[in-house]
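Participant:
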Amino acid sequence: MEAKQNIDMEQLQYLLNGNEADYLKERAVAVRQRYYDADVYIRGLIEFTNYCRNNCYYCGIRRDNANIDRYRLSDGDIMACCDEGYRLGFRTFVLQGGEDGFYIDSMICRLIRSIKERYPDCAVTLSIGERSKESYQAYFEAGADRYLLRHETANDAHYRQLHPSELSLKHRKECLKNLKEIGYQVGAGFMVGSPGQTTQNLYEDLQFLRELKPHMVGIGPFIPQHDTPFGRELAGTVDMTVTLLSIIRLLLPRVLLPATTALGTIDPFGREKGLMAGANVVMPNLSPGRVRKQYALYDKKICTGEEAAECIECLKNRVNKIGYRVVCDRGDYKGDLNV
Ligand code: 5AD
Ligand code: FES
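Residue 17 is where the sequence shown starts when you use this note's numbering, and the numbers rise one by one after that.
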């Protein structure tokens with residue numbers, strides 16, 4: 017029955033115009049509540065390298081941005097982030113970075129093994145971009161549980177508007193297929209309001225998600241970063257992002273759906289609005305304070321001044337205020353992994 021949920025172009029346009037906003041949210045929250053109760057899962061994000069071989073037009077850590085200081089965290093730095101995270105109640109660590117060839121497979125595997133050895137009760141999520149199926153397999157065997165790779169847009173022409181020609185949607189989709197085949201819990205997703213995005217594109221994104229059936233979907237507003245080719249473009253809106261969160265909750269009822277940092281950046285209550293529209297995950301930053309500002313995918317990113325402990329306290333308060341609770345749990349996908 018679940019997979020039958022669908023939306024057509026007209027309905028999508030109607031909802032994106034702001035119609036029936038309260039009703040949509042209500043339904044999304046009811047579905048979220050059915051599977052995940054009032055629980056909000058937290059993921060400790062460790063941004064371990066801001067080197068990137070790619071040149072995506074929207075992203076602040078793109079190769080051609082000469083105006084940022086590049087950094088790489090050592091294994092010791094990363095383990096220290098995990099120690100602090102574990103102490104604060106995190107049971108998922110997300111290793112996120114640019115596509116940095118410095119970290120060859122053996123280094124990534126060593127890192128995964130170290131974390132899983134010290135914290136066998138924790139999930140390790142990777143978010144390190146496009147790699148070969150063999151590499152993905154090796155990370156999985158080393159103990160990685162989940163992989164985040166946003167598809168960015170499911171439309172070929174739009175993909176080419178957002179990326180230089182050496183990147184292709186076809187390869188991106190292949191990576192997602194490989195990750196699913198290997199057995200990861202997989203996350204796809206896209207930016208809302210990215211330059212050139214049309215309602216038709218969003219419709220295709222939703223259809224793509226219905227087909228892929230990812231376990232996680234990351235969406236957040238596009239936010240211009242001043243040193244990128246899209247530095248003068250308009251940002252996506254809170255309303256549109258929140259509407260899409262609700263729709264995605266209804267299309268994929270059990271999906272793990274974060275209220276993203278980007279959403280919290282364009283609106284001081286963005287993450288709360290996301291949670292109140294069907295999202296059930298937040299991903300606070302565990303990266304060391306000294307490098308946070310350097311992982312600048314977009315401008316004005318929140319929580320770059322706070323320590324991890326302050327952030328989680330603040331977040332717990334915010335979550336409690338809207339009637340939800342942060343749980344100290346791996347927060348796995350609740351459902352059959354193979355559908
Ligand atoms: N605004 C919003 N999100 C961005 N991302 C990259 N650059 C931006 C930006 N300028 C998102 C991409 C990527 C994820 C890690 O961050 O969707 O997959
Ligand atoms: Fe980071 Fe509030 S969540 S300071």
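Glycine included, every Cβ here is placed at the ideal spot set by N, Cα and C.
Give the straight-line distance between the Cα atoms of residue 166 and residue 44, rounded to the nearest whole angstrom.
Facilitator: About 22 Å.
Participant: Between which residues of its own chain and residue 18 is the CB-CB distance below 6 Å, once the five residues before and five after are set aside?
Facilitator: Only weak support is given to the placement of residue 18: the predicted model assigns it a pLDDT of 46, under 50, and the question is left unresolved by the model.
Participant: Using the Cα positions of residue 229 and residue 100, report the straight-line distance between them to the nearest angstrom.
Facilitator: Going by the C-alpha atoms only, they are around 33 Å apart.
Participant: I'd like to check one pair, residue 124 with residue 151: are the Cβ atoms closer than 9 Å?
Facilitator: Yes, they are a contact pair.
Participant: Count the other CB atoms, across all protein chains shown, that sit within 10 Å of the CB of residue 181; report buried if there are 16 or more and exposed otherwise.
Facilitator: It counts as exposed.
Participant: Give every residue of the same chain whose Cβ lies closer than 6 Å to the Cβ of residue 29, excluding the five residues on either side of it in the sequence, and list them in chain order.
Facilitator: These residues qualify, in order along the chain: 215.
Participant: In the segment 209-270, which residue ranges form an unbroken beta strand (DSSP E) of at least 3 residues, counting only runs that do not cross its ends?
Facilitator: Those beta strand (DSSP E) runs which fall completely within the segment 209-270 and span 3+ residues are 232-237.
Participant: Given 8 Å as the limit, is there contact between the segment 105-118 and the segment 60-79, that is, 3 or more CB pairs closer than that?
Facilitator: Yes, they touch.
Participant: Along the chain, where does the alpha helix (DSSP H) containing residue 82 start, and where does it finish?
Facilitator: Segment: none, residue 82 is in no alpha helix (DSSP H) and carries neither H nor E.
Participant: Out of 206, 187, 170, point me to the one whose CA is closest to residue 220's CA.
Facilitator: Of the candidates 206, 187, 170, the one whose C-alpha sits nearest the C-alpha of residue 220 is 170.
Participant: Mind checking whether the beta-carbon of residue 168 lies closer than 8 Å to any heavy atom of the ligand 5AD?
Facilitator: Yes; taking the cut-off as 8 Å, the Cβ of residue 168 has a heavy atom of the ligand 5AD nearer than that.
Participant: DSSP three-state label for residue 18, please.
Facilitator: Summary for residue 18: the model assigns pLDDT 46, below 50, so the residue's position carries little reliability; its value from the coordinates is reported in the next sentence. Reduced to three states, the DSSP call for residue 18 is helix.
Participant: Roughly how many angstroms separate the alpha carbons of residue 199 and residue 184, rounded to a whole number?
Facilitator: Taking the straight line joining both Cα atoms gives about 23 Å.
Participant: Under a three-way DSSP split, which group does residue 164 fall into?
Facilitator: In the structure shown, residue 164 sits in a strand (DSSP, three-state: E or B).
Participant: If you draw a straight line from the C-alpha of residue 108 to the C-alpha of residue 162, how long is it?
Facilitator: Those two C-alpha atoms are separated by around 10 Å.
Participant: Are the beta-carbon atoms of residue 213 and residue 313 separated by less than 9 Å?
Facilitator: Cβ atoms of residue 213 and residue 313: not closer than 9 Å.
Participant: Flag residue 76 as yes when its Cβ comes closer than 8 Å to any non-hydrogen atom of the ligand 5AD, and as no otherwise.
Facilitator: Yes.
Participant: Which same chain residues, not among the five before or five after residue 118, have their C-beta less than 8 Å away from its C-beta?
Facilitator: Counting only Cβ-Cβ distances below 8 Å, and skipping sequence neighbours, we find 65, 67, 88.
Participant: Can you look up residue 109 in the DSSP assignment and give me helix, strand or coil?
Facilitator: Correct three-state label for residue 109: strand.
Participant: Smallest Cα separation from residue 138: which of 155, 147, 160?
Facilitator: Ranking the options by Cα distance to residue 138, first place goes to 160.
Participant: Among 300, 31, 82, 147, which has the Cα closest to the Cα of residue 193?
Facilitator: The option with the nearest alpha carbon to residue 193 is 147.
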